[in-house]
Amino acid sequence: MDKLAEPLSWQLVEFLAARVRLISRSSGFRTDIGAGAVIIDETEIGEDSTEPATIISVRQLSRSGGGVAQSSSDAAITIEFEVPRGSDEANPRLLVHRARHDLIRALTFKEKSLPLGVTSFELLETQLATLEDDAGHTAVVAQITARAGLTETFEPVSNP
């Protein structure tokens, strides 16, 4: 049996992670966040991490149409760059501002470079904040929200 391709929503997450990994000073960006942690699965980072990290997640998939063999969805995506307080960064807020700028630049691309089936991608809004979790850890964060259109084709399931 051939290996099935990952769901289109996951292919999009992997594509965005690859775009973030392009961010380096040697490529003309303000930061080197692409060489740091790029998290697409929460198990990849410990709760007590003090290193800056970029987290990419699909927050919601809403079916927007389709039929028996094809489905269209809208995906709500969050790309977040986080600098924990207590990290070795001299100026975490400045790093967050620079990272936000770099992320917007890296996530602005021609739509034809998207994985097959991802029909659109747009950045919606950015937000800068200081967050605190239940354990009392604080971090300075740049959060970018985006939306993507997905059209997936399905093989009909045959009855045994």
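The numbers in the sequence shown follow the numbering used here, run straight up by one, and end at 162. Each residue gets a CB set at the ideal place from its N, CA and C atoms; glycine is no exception. Small disclaimer: the values here were computed from a predicted structure and weren't measured.
- A straight line joining the alpha-carbon of S59 with that of S73 spans about 21 Å.
- Annotation: P86 to I146 spans about 17 Å, alpha carbon to alpha carbon.
- In this structure, the beta-carbon distance from H103 to R32 falls below 8 Å.
- Rounded to the nearest angstrom, the gap between the Cα atoms of S64 and A77 is 7 Å.
- Of the candidates G36, W12, S28, G36 places its Cα closest to the Cα of L109.
- Taking the Cα positions, R107 is about 29 Å away from H139.
- Residues of the same chain with a CB within less than 6 Å of the CB of A131, apart from the 5 flanking positions on each side, are V143 in chain order.
- Here S122 is exposed: its Cβ has fewer than 16 other Cβ atoms, across all protein chains shown, within 10 Å.
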